[in-house]
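Trainee: I am attaching a structure below and will ask some questions about it afterwards.
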Amino acid sequence: MTAPCVDWPQVIADIAHAGISYGDICTETGVSRDKLCRYSKHGSEPRHSDGMALLALWCHITGREHEAVPVVGMAEGAAVSSSSLSAGVNQQHHPAAVFPVVSHAREEA
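First residue of the sequence shown: 1, per this note's numbering; consecutive thereafter.
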């Protein structure tokens, strides 16, 4: 089994399909248009800060948790568990390793 990696073209497509233009993605994340095109069309792996910014925007736009980020390089329908991560799967490329769980306190109305 191949270690799962973030599917950057799909992450960017999900954001764009929500009606966010490439220009707005660039403004929100600080990622240049040239880099965004390389990540979305050429399969380039973003540097850490660009990846974190894109994942944060993806989570905000989709309303999903970072554990749900699209990944490639694993069997269809397979789930990555914390036990498989600790058992030696390449954690560097798994979204949970790149985008750690952050607890957000909810404001009381």
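Heads up, the beta-carbon is just placed ideally off N, CA and C, and yes, glycines get one too.
If you're wondering where the values come from, they're calculated on a predicted model, not measured in any experiment.
Could you give the DSSP three-state label for G63: helix, strand or coil?
Mentor: As a first step, residue 63 is located in the sequence shown; it is residue number 63 there, counting from the start. Here G63 sits in coil by DSSP.
Trainee: Can you tell me the Cα-Cα spacing of P9 and S49, whole angstroms?
Mentor: For this step, residue 9 is matched to residue 9 along the sequence shown. For this step, residue 49 is matched to residue 49 along the sequence shown. Approximately 17 Å between the Cα atoms of the pair.
Trainee: On the CB-based measure, 16 or more other CB atoms within 10 Å of its CB, does G63 come out buried or exposed?
Mentor: As a working note, residue 63 is residue 63 in the sequence shown. So G63 ends up on the exposed side.
Trainee: Go ahead and label G43 buried or exposed: buried means 16 or more other beta carbons lie within 10 angstroms of its beta carbon, across all protein chains shown.
Mentor: As a working note, residue 43 is residue 43 in the sequence shown. Exposed, because fewer than 16 other Cβ atoms sit within 10 Å of the Cβ of G43.
Trainee: Leaving out five residues before and five after S40 in sequence, what residues of the same chain have Cβ atoms less than 6 Å from its Cβ?
Mentor: Against the sequence shown, residue 40 aligns to sequence position 40. Only P9, I12 meet the Cβ criterion.
Trainee: How many angstroms separate the CA atom of I61 from the CA atom of A18?
Mentor: Translated into the one-based positions of the sequence shown, residue 61 becomes position 61. Translated into the one-based positions of the sequence shown, residue 18 becomes position 18. The alpha-carbon atoms of I61 and A18 are separated by roughly 7 Å.
Trainee: Under the three-state reduction of DSSP, which class applies to V69: helix, strand or coil?
Mentor: For the purposes of this step, residue 69 is identified with residue 69 of the sequence shown, where counting begins at 1. DSSP places V69 in coil when its eight states are reduced to three.
Trainee: Using the Cα positions of C5 and G73, report the straight-line distance between them to the nearest angstrom.
Mentor: Here the question's residue 5 lines up with position 5 in the sequence shown. Here the question's residue 73 lines up with position 73 in the sequence shown. Looking at the two C-alpha atoms, the distance is approximately 6 Å.
Trainee: Report buried or exposed for G51, applying the criterion of at least 16 other Cβ atoms within 10 angstroms of its Cβ.
Mentor: Along the sequence shown, one-based indexing puts residue 51 at 51. Counting Cβ neighbours within 10 Å, G51 comes out buried, since at least 16 surround it.
Trainee: Run the CB neighbour count on T29, radius 10 Å, all protein chains shown included, and call it buried at 16 or more, exposed below.
Mentor: Counting from 1 along the sequence shown, the entry for residue 29 is found at position 29. T29 should be labelled buried.
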